[in-house]
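S.K.:
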Amino acid sequence: RNKVLAANGDRNQIARAIAEFEAGGGIGRGSTVERALGKSGIAFEFPDELSDQKQVYDSLIVGDPVGHARELAERGQQEAAINELNAANDKLSKLAAAANAHTGAFESPAKLAEMLNRVADRRAELRAEVHQLSRAAAPQAASPAPKPEIGPPTPEQQTDAEAEQRAKKAELLNRQLELIQTCTTLRVREQSTFSHVREEMDSWHLDHLGASIDMAKALTAVKGSYAAWDETIQKLKASYQELGQDPAAADALVPDRKQWDAVNAQWKVW
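Read left to right, the sequence shown gives residues 3 to 272 (our numbering).
1) Is A100 closer than 7 Å to L52 when the C-beta atoms are compared?
2) Among residues of its own chain, excluding the 5 on either side of A213, which ones have a beta-carbon nearer than 7 Å to its beta-carbon?
3) Alpha carbon to alpha carbon, how far is R124 from I63? Give it in angstroms, no decimals.
4) Would you kindly work out how many angstroms separate the C-alpha atoms of A165 and L179, rounded to a whole number?
5) Give the range of the alpha helix (DSSP H) segment to which V58 is assigned.
6) Can you give the beta carbon distance from V132 to L87, rounded, assuming they're within the 8 Å contact cut?
7) Alpha carbon to alpha carbon, what distance is there between H104 and A240?
8) Measure the C-alpha to C-alpha separation of L188 and D204 and round it to an integer number of angstroms.
9) Rounded C-beta distance between A229 and Y242? I'm assuming under 8 Å.
10) Should E233 go down as buried or exposed, given a rule of 16 or more other Cβ atoms within 10 Å for buried?
11) Less than 8 Å between the CB atoms is what I'm expecting for N102 and Q183, so what's the real figure, rounded?
12) If we call anything under 7 Å between Cβ atoms a contact, is V58 one with K113?
Structural data, given as structure tokens:
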């Protein structure tokens, strides 16, 4: 209210103030189905197109699938634990695919970004646990030879080390692909918003202020996703570096802030 009053009738300032209020307050159809994750206070949006995935989110993101699998392993049920973790990973893969396929259904790109990041982090955790349990369940020699204090590794040790390196590289590649997909999804949503706002500005509107507010909301929502997007870019750069690749490759997927500024400038004079 104070921002609206301080605008002194300026249409752009009023539209921006209302857009920021609605974006911050979670007003809208998608905000009716949200859940905070632990102490983070981060809410996720579940549009109608993803309603069938909410149970997956509740059990595998809010819940603790790793803890239950460890309990099974402690009772000697390693195979059941591994199967449960793999099933959870598959379900989260489908959740991420559904979110990627319905980016336009999300009112908040920031919540979309946060959801995808949380899903990717949990999937990495699940894969790491599968790796650990699989190693523990692998047949061991009855009397393994002690590691020599001096000298080259034994053939068995060399084989184990090479297998571990292959597993580490495979996980890094999986992680890299997930991060690229997240950034690509956010880019698609960003560019579609820019196109939509430009089309709206090229159209005639009976309710000029209402249309201006809607455009401001869309631009504000996209800009709100940039913090989580930047975080994803940093993770992607780290994955490139760990794989011995050029981290600058991630720059092709950064938020298009220049275009945001350009579209916002057009909106201000519309």
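Backbone N, C-alpha and C fix where the C-beta goes; we use that ideal spot for every residue, glycine too.
Predicted, not measured: the structure shown is a model, and the values here were computed from it.
M.R.: Reading from the atomic positions:
1) Here residue 52 refers to the residue found at position 50 of the sequence shown. Here residue 100 refers to the residue found at position 98 of the sequence shown. Contact flag set, yes.
2) The residue given as residue 213 occupies position 211 in the sequence shown. Same-chain partners within the cutoff: E202 and H207.
3) As a first step, residue 63 must be located in the sequence shown, where it is residue number 61. As a first step, residue 124 must be located in the sequence shown, where it is residue number 122. For I63 and R124, the distance between alpha carbons rounds to 7 Å.
4) Within the sequence shown, numbered from 1, the residue matching residue 165 stands at position 163. Within the sequence shown, numbered from 1, the residue matching residue 179 stands at position 177. When rounded, the distance between both Cα atoms is 21 Å.
5) Position 56 of the sequence shown, counted from the first residue, corresponds to residue 58. Segment K56 to Y59, the alpha helix (DSSP H) holding V58.
6) Along the sequence shown, one-based indexing puts residue 132 at 130. Along the sequence shown, one-based indexing puts residue 87 at 85. That pair is a contact at about 5 Å.
7) Locating residue 240 in the sequence shown gives position 238, where the first residue counts as 1. Locating residue 104 in the sequence shown gives position 102, where the first residue counts as 1. Going from the Cα of A240 to the Cα of H104 covers about 28 Å.
8) As a working mapping, residue 188 is identified with position 186 in the sequence shown. As a working mapping, residue 204 is identified with position 202 in the sequence shown. The straight-line gap from Cα to Cα measures roughly 25 Å.
9) Here residue 229 corresponds to residue number 227 of the sequence shown, with the count starting at 1. Here residue 242 corresponds to residue number 240 of the sequence shown, with the count starting at 1. With a Cβ gap of about 21 Å, A229 and Y242 do not count as contacting.
10) Here residue 233 refers to the residue found at position 231 of the sequence shown. By the neighbour-count rule (16 or more Cβ atoms within 10 Å), E233 is not buried but exposed.
11) If you number the sequence shown from 1, residue 102 lands on position 100. If you number the sequence shown from 1, residue 183 lands on position 181. Rounded, the Cβ-Cβ distance is 6 Å, consistent with contact.
12) Walking along the sequence shown from the start, residue 58 turns up at place 56. Walking along the sequence shown from the start, residue 113 turns up at place 111. One thing to note: V58 has its Cβ no nearer than 7 Å to the Cβ of K113.
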